[in-house]
Structure formats: C-alpha cells, structure tokens
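Residue numbers (my numbering): 3 to 728.
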RNA sequence: GGGCGAUUAGCUCAGGUGGUUAGAGCGUCACAUUGACAUUGUGAAGGCCAGAGGUUCAAGUCCUCUAUCGCCCACCA
C-alpha cells in the first residue's frame, strides 16, 4: 500500500494534483466532434484584487458542472476570464494614488498623463490578474487556461467595436445632452444601476414666488433652495383647480428676480406639498423632461466638482451644503421663506463613495432601449425567456428580469474615466459631427462639412457594455470553430445581484448581435452572508477569505461547504464548523480507501474474483445512488446531489457495508467456499470505492484524485478523465 | 408606492409534480472503541413545519389573509 495512507489525508498535495491535471491537458475540451458540447463562460473576476467567498461559490459550482459534464462524455469547455472592471478598478487604483499623496487629476495634468495613467493601471491589473488566477486554481477550477480571455484583449475590443458600429448604423446608439447621474468625487457619469438610494433626513423649504404683477404669490416646496438661481419656471398640474388661473402667468424667481412662467404639466403631483413645483432643468431629471416639453432654458448653477458656479449669484464658489444655508438666509431676509419642515426622503448616491449624485446635463452616448431599441433589443430578450429558450433558475427571478426589462430606460454607456475601452468616435472640430471609426484612425474629411480637423472622444465605455457581449466576445476570439461549437453556451452561472447589470444585457446584446441567445440556462446562486446574515464586505470587516480556508482545511472542504445547503437564488450562510465537517469527510474518504486498498492488496488479482449475487446487489444499489446523483445534477439540484453522494459514502459504504464485510475480510483459515466469499467482498468493495470516487469527484476533486492516483489498479491516468457511465 | 424571498430541531439550513413514523451538518447527552478513521462508531433527547382560514381521502408542500425579518425596484420636488 502507498505509504501516504499511513497518515491522515493531507490537503497540501492539492497543488501538485492541479499540476497533474493541467499538464495532462485534461482541461481542454475533448476533440471528438461527435460528442455533445458543453460550455460555461466564467464570469470574469475583477483583475483588481483578491477573490472573495462569493467568487468561490461561483467557481465551485461552475467547476462541479464542468467536471460532471466532462465525465459524462461531453466536450466540456469552461472558459476562464478576467475583467478590467473599468470604474471599479479605477476606484481601487485611485485609492492607491491617494495613499501616494496624488490623484488621477494630478497625473492627468502631466504631459501624456492620460496614456501614463492607463499604462499604470494596465500594469496593476496584469499583476493582480496573475494573483487572481492563482487563486482560481487553488479552488480546483478545471478551466481551459489556453483560452483565457481578458476584457481588454485587442481582439475582444474589436468585437465590441463592431457591435458599437452595428448599433450606430442601426440608429440604436446616439449622443445627446441629457440629465445624467454625476459623481463629483469620481468625476464621471454613472448608469441608473450604479446609483444607490439612501434615506436622508433633510428639510423641505416652502418658498414664496411672487407674481410678476404683484398680485399674490405661489408657495413652492423644495429640498434644494441652492438651485433656485437655475429655476426657469414653476409647474402645476393642468387639472389642479387651485392653480387654474395661474397657468401662463409670470412669477419672480425669489433669488435672481428673473421673471419666469407658470406652466402646466401632468408630471406634477398635486398631492405633494403645495402642488407647485419649481423647475430646474439643469439639476433634476424630471425638471429636465418638463423643461424640454415647454421649451424652457437650462441654467446650470453647479459645476462638475459640486461647487456653485457664476450663475449662482452670491452663492458662487460655495459647496452645495454651504450654498443651501446661504440661500435660506437670503430668502429669510427677503421674507420669502414661508416655512421649513423636516423631511425624510431617498437620495441617490454613488454606489462606490456614497457621495450624493448630482443630476447634470452632459453629452453622453446612450443605447436606445425605449424607442426603436425597445423592439429591436429589449423585446427579443423578453421573448427568449418567455418562450423558454432561456431558462432562469430559480424561476421566480424571471419576474424580476421581466419587470426590469419592461421598465428599462436608455442606457448611458459613456464614462469619463481613463480605464476602459475608448469609445471609437471622432468629432469634426468645425461642425461637431461625430464619426464612428473602429479602426482607431481619425477620418480624413468630415462627411458633413468637409472639415479636416478632428477631436478624439475621450470617454470610455461602461464596463457592462463590453461584458454584456462576453459570451460571443470570448468565443469569437479564442480559436477557430469555438463560436460555432460552443455558442450558445450551456449555462451562465452567476450571482443574482448582477441579473440586471450583466445577465439581462448579455441576453439583449447577444441576441441583437449574433441573432442567437447567448446561453440556454441561467443559474443564479445566492450571496454568501456572515453569521448575522449580513452581506460580506470589506468595509464591514466580515469577509471570509476563501483562500485562507483552503490553506487551513483544503479546497474540497470549502467546496462542499459552499454547495451543500446552497439552493439557487437563496443566500447561504457559511461557518467554520461546517467547513470542518467536510474536512472530516475528506479524511473519512481517505480512510475508506486505505481500508479497502489494504484488503485488496492482501488478496489475489481482482479480475479472477467472482462477485457473489449478494455482493452484486450492493453494487447495484451503489449504481442507483449514482444515477440519482446524476439526475439531481441534471436538474441543477446541486445541494441535494452532493448530500446524496456524501450520505452514501459515509453512512452506507463506510458505516454499513464495510462494517458488514469485516468478519469475512479478517477471517483466517477459510474454507474453499469462504475464500470465494472473501474474494468477492474485496472485489465489490473496490468497485464501490471506484464508483464513489467518480461520484464525489465533481464536488471534491482533490481528495478523490489523490486516492485514485494511489489505486493499485486504474483504467485512466487520472480520475478527472474517468467516465461517469450511468 | 410596487415587487420578491424567508419563517421547519438549540444553531445553520435541505425538504422536484401534496402520499408511510419531517431530514442533514454542527451542538447536547449516554455508551463504545488497543487493527481503516477520535477528523471514529452505536444510540438518545430535541420539531402544534410563523399564525389564521380554505381546497383535498391526505397539506411543511397548493390557495387566501395576517405578522415578523431581509432584499430588489421606483423621476413626490
């Protein structure tokens, strides 16, 4: 017997097992084209830090599915990846710069600063990418590294550019001045999804807007008196009887004294406060819409850094909270502040820095999802799920998916950061006409005005614009035939919290660009929570470092702990005790093997032994269990599958069968008949061990392979390549 | 303001289309074990399956309502 068996199972051999798999070429899909393809594209972990336990859940589930598919004789491809994670990474990198006592704005001031900054972040991500990939390997991921893809690979960028061009040619992207969510710390616009909402205790101020002709006044409630200089109208509901005489009259802006109209608009809520709303198109999305409808001007009073500008009279130069106090002071002096009351409401904040989002008007690139895009991009995505071409697990997430798509708004895809894929557009210096140039070269002559001088767009794409193309962007670039063979992919496995950010966009852009759905099944796992069911986050300090767990208890133990009790879409709480339990199971399995191998080696050649009818029944029971596990796997009931396999191996094989065979195995001075029974017992236990190793391998790849490598008799060079033939 | 999920053993959670005495891990208690394994074994205690109605021969499972917790979405300033 292998001398290693004299010791408890030692998980430190995991690394060498991984090397064995990798060098054996087992991660590449089978080249046999008659086999059914199976493909998972790995949700690319960010190349800006370490893996957290949420990644570990995904990687474990994806690996389990891939190993299972591979053993079931499919051409299994699990394609690994890394994400440049535009804004996310830039935020991480800016913190680094802050520590160095500088900032991105300082770097950008330097000659060639933009390129320099890009280079530095690029180097930073390359470093982290290596680190991150090492961690993925430690978890046992059997992905094909030869096809590893980075979201900034030049050929990926080409694919993204082609999609942008197609959208542009189809009139589905446009550039427009619109209200966008502006983060004044990060100096970029964000999409709707990147805005978080926080409850904030503020004050509601009732301000008097006197009628121009001196006859009476309107009382208008606002939380933002500092923007009054930007007011261009007061709006009331057309059906509001209180104000029917006021429509069309003029009132005086209480700060600037300008004469502004009273307009009627259905968007005004009659029941809120006084039912009269001040219109500040430059700094409020609703006001912008109303302003547009009534052809009102926009007066910007706040700059990009969150300071009042020269349109803001005596408030100029102040930050917003100071300006608010000052505005109140002035209004009080003028006797135009009617009353103030405390008011709790939701305010949008930057999801990264929690700074209050400033609605600003900026020229940005949008994907049209409400007009032509509704029919061409959104509806096909809804239809694919409605028809069942794409299955979402768990089912209830479908409703959430539909609701979001049905209420979607145009998608702002431009970001004012350097870290990302540049938007491939040039603007004519003389007429501002834009031209999409996906080859990266400036046009020679403007098609509109024949100008010859061009300015390159400096904005980059929202990361999700490119990752929304991920299934085809990867497979179209990893090699000849990959796209044809593996697209649509089998499963998209990810956490439910990026259903909108990512999954919905992949469905939309996948169908739009390729004409085919990007994947057949979406499996959404739950979020890992701490003991108090809080979401784990660095700032709360409650994160579990999955790699620390791997060091301590082995990847197999962590994997089992993450799979068992984890049902789709439901959050999972993990504890160290649970992990220990499965570490114990690794050792149990190791000892089962040790016992069986010891006895097999005591006897003669296994081929010559005949299995008795009684033992054959034991084998058949095992096969039934294995079939059951396979069934559970096919139905995405991974927790049940793992638990069934676990239960069989520990409580049937070890506790019952091995115990029952001990008498005959240890018996000496056997009759000739007993010799046959003993030989049968050895043989059947060995068969059961082998089946158990196969059955457990998708869940616990390392310990099962470690044992397989030490078997006295094995068919394949590695367990990973064994067949799960029932 | 809409929507979703959860509520099952002391703790953390499983319980496909309703069908025998409701399961697992950890924890607790008793006992055992010098030959696979103390990272063990055998056994035990512990559950009006959140509450109230309803459908059914039969409900943890299906329907309605209520309560509590958590989450998501939303342009009432």
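Ideal Cβ positions, reconstructed from N, Cα and C, are used throughout, including at glycine.
Rounded to a whole number of angstroms, what is the C-alpha to C-alpha distance between residue i and residue j?
| i | j | result |
| --- | --- | --- |
| residue 51 | residue 84 | 11 Å |
| residue 9 | residue 166 | 59 Å |
| residue 69 | residue 640 | 13 Å |
| residue 451 | residue 246 | 49 Å |
| residue 565 | residue 525 | 13 Å |
| residue 227 | residue 115 | 39 Å |
| residue 407 | residue 399 | 12 Å |
| residue 341 | residue 549 | 58 Å |
| residue 243 | residue 283 | 25 Å |
| residue 25 | residue 405 | 47 Å |
| residue 456 | residue 638 | 54 Å |
| residue 21 | residue 411 | 48 Å |
| residue 712 | residue 46 | 35 Å |
| residue 193 | residue 218 | 42 Å |
| residue 157 | residue 222 | 56 Å |
| residue 690 | residue 657 | 13 Å |
| residue 35 | residue 578 | 44 Å |
| residue 249 | residue 262 | 12 Å |
| residue 467 | residue 425 | 11 Å |
| residue 518 | residue 477 | 13 Å |
| residue 315 | residue 285 | 16 Å |
| residue 573 | residue 530 | 6 Å |
| residue 238 | residue 272 | 8 Å |
| residue 359 | residue 191 | 9 Å |
| residue 391 | residue 401 | 16 Å |
| residue 28 | residue 5 | 27 Å |
| residue 621 | residue 124 | 56 Å |
| residue 563 | residue 14 | 19 Å |
| residue 93 | residue 354 | 8 Å |
| residue 1 | residue 60 | Here the chain covers residues 3 to 728 and nothing more, so residue 1 does not appear. |
Thinking residue i and residue j are a contact (beta carbons under 8 Å), I'd like their distance in whole angstroms, please.
| i | j | result |
| --- | --- | --- |
| residue 236 | residue 209 | Residue 236 to residue 209, Cβ: 10 Å. No contact. |
| residue 547 | residue 588 | Incorrect: roughly 20 Å between the Cβ atoms, too far for contact. |
| residue 330 | residue 339 | 6 Å |
| residue 475 | residue 161 | 4 Å |
| residue 225 | residue 363 | Between residue 363 and residue 225 the Cβ distance is about 20 Å, and since that is not below 8 Å, they are no contact. |
| residue 722 | residue 592 | Incorrect: roughly 18 Å between the Cβ atoms, too far for contact. |
| residue 724 | residue 73 | 6 Å |
| residue 728 | residue 628 | 6 Å |
| residue 482 | residue 349 | The pair is not a contact, with the Cβ atoms about 52 Å apart (cut-off 8 Å). |
| residue 611 | residue 720 | Not a contact, Cβ separation roughly 26 Å. |
Among the candidates the options, whose CA atom is the shortest distance from the CA of residue i?
| i | options | result |
| --- | --- | --- |
| residue 152 | 74, 53, 602 and 87 | 87 |
| residue 499 | 449, 556 and 195 | 195 |
| residue 267 | 240, 138 and 626 | 240 |
| residue 394 | 93, 495 and 118 | 495 |
| residue 256 | 441, 212, 654 and 695 | 212 |
| residue 504 | 401, 472 and 277 | 472 |
| residue 305 | 370, 187 and 238 | 187 |
| residue 683 | 702, 43, 694 and 661 | 661 |
| residue 275 | 372, 344 and 375 | 344 |
| residue 183 | 401, 55 and 198 | 198 |
| residue 333 | 621, 630, 231 and 695 | 231 |
| residue 414 | 140, 150, 448 and 179 | 179 |
| residue 89 | 421, 300 and 215 | 421 |
| residue 361 | 668, 207, 669 and 352 | 352 |
| residue 747 | 714, 608 and 692 | As shown, the chain starts at 3 and ends at 728. That puts residue 747 outside it, with no answer to give. |
| residue 606 | 416, 715, 303 and 371 | 715 |
| residue 634 | 646, 623 and 595 | 646 |
| residue 110 | 175, 189 and 18 | 189 |
Query raised in the report: Fully enclosed by the stretch 407-453, which beta strand (DSSP E) runs are 3 residues long or longer?
Result: Counting whole runs of 3 or more residues, the stretch 407-453 contains the beta strand (DSSP E) stretches 427-430 and 436-438.
Query raised in the report: Hey, which unbroken runs of the alpha helix (DSSP H) at 4 residues or more fall wholly within the stretch 27-86?
Result: Here the runs fully enclosed are 55-73.
Query raised in the report: Pairing CB atoms from the stretch 91-110 with CB atoms from the stretch 64-79, are three or more of them under 8 Å?
Result: Output reads no: the stretch 64-79 does not touch the stretch 91-110.
Query - Contained alpha helix (DSSP H) runs [length at least 4] in the stretch 273-346, N- to C-terminal order - result: Within the stretch 273-346, the runs of alpha helix (DSSP H) that reach at least 4 residues and sit entirely inside it are, in chain order, 287-295 and 322-336.
Query raised in the report: Are three or more beta carbon pairs between the stretch 510-526 and the stretch 376-395 nearer than 8 Å?
Result: Yes, they touch.
Query - alpha helix (DSSP H) runs wholly inside the stretch 639-713, at least 4 long, in chain order - result: Within the stretch 639-713, complete alpha helix (DSSP H) segments of at least 4 residues are found at 640-649, 661-668, 674-698 and 703-710, given in chain order.
Query raised in the report: Mind pulling the beta strand (DSSP E) runs of 3 or more residues that sit fully within the stretch 458-502?
Result: The qualifying runs are 491-497.
Report task. May I have a chain-ordered list of the beta strand (DSSP E) segments no shorter than 3 residues that lie completely inside the stretch 606-633? Result -> Correct list: empty.
Query - Runs of beta strand (DSSP E) wholly within the stretch 200-280 (minimum 3 residues, chain order) - result: Unbroken beta strand (DSSP E) stretches of 3 residues or longer found wholly inside the stretch 200-280: 219-224, 235-238, 252-254 and 261-266, given in chain order.
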